[in-house]
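Residue numbers (the numbering used here): 10 to 189. C-beta: ideal position from N, C-alpha, C; glycine also. In this text, all values refer to a predicted model and were calculated from it rather than measured experimentally.
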């Protein structure tokens with residue numbers, strides 16, 4: 010059997026036993042350090058990779074949760090708007106007066122009574138759309154709906170009060186037989 014170089018050197022007298030032990034322990038230390046350093050760098054790389062993956066997953070989950078929350082909120086708002094329209098809609102009796110308005114770039118026509126036409130013109134009523142059906146609702150409700158979902162309100166005229174600044178023509182008499 011062949012002996013190690015260390016044993017051969019100590020036997021020949023070129024090295025002492027202390028030097029052999031010192032060399033043996035230093036070799037073990039170097040092996041251990043190399044092993045721990047190699048493992049630790051691999052472990053550190055793996056830890057960093059796991060940390061990055063965890064951060065990425067956390068960000069992904071946060072975005073997904075925010076999307077779900079937005080969807081829930083929009084569904085809740087839509088439910089509120091539908092409820093407001095259903096509770097406050099004014100039944101529209103078919104009248105002989107046509108009221109024209111623009112919806113999606115096209116002129117639409119509703120047949121209403123004269124009182125409803127004047128209320129629409131004065132801004133007391135508004136027109137909302139729900140499932141391609143036009144619904145009459147009071148102006149305050151239309152304002153609440155337009156705060157939540159402005160695309161539901163098709164027509165809402167502003168209530169413009171005519172001021173009495175035009176009294177300068179009060180002295181002039183308007184003939185009764187004029188046709189406008």
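query: Residues that residue 156 bridges to, as DSSP identifies them; result: In DSSP, residue 156 forms no bridge with anything.
query: Cβ of residue 117 within 8 Å of any chain C Cβ; result: Among the protein chains of the structure shown there is no chain C, as only one such chain exists.
query: Residue 24 to residue 51 span [Cα, whole Å]; result: 38 Å
query: Endpoints, beta strand (DSSP E) assigned at residue 13; result: From DSSP, residue 13 is part of no beta strand (DSSP E); its letter is neither H nor E.
query: Delimiting residues of the beta strand (DSSP E) encompassing residue 119; result: 115 to 121
query: The stretch 64 to 77 in contact with the stretch 102 to 116 per 3-pair CB rule at 8 Å; result: no
query: Beta-carbon proximity check, residue 146 vs residue 164, cutoff 8 Å; result: no
query: Residue from 80, 182, 142, 14 whose Cα sits closest to the Cα of residue 98; result: 142
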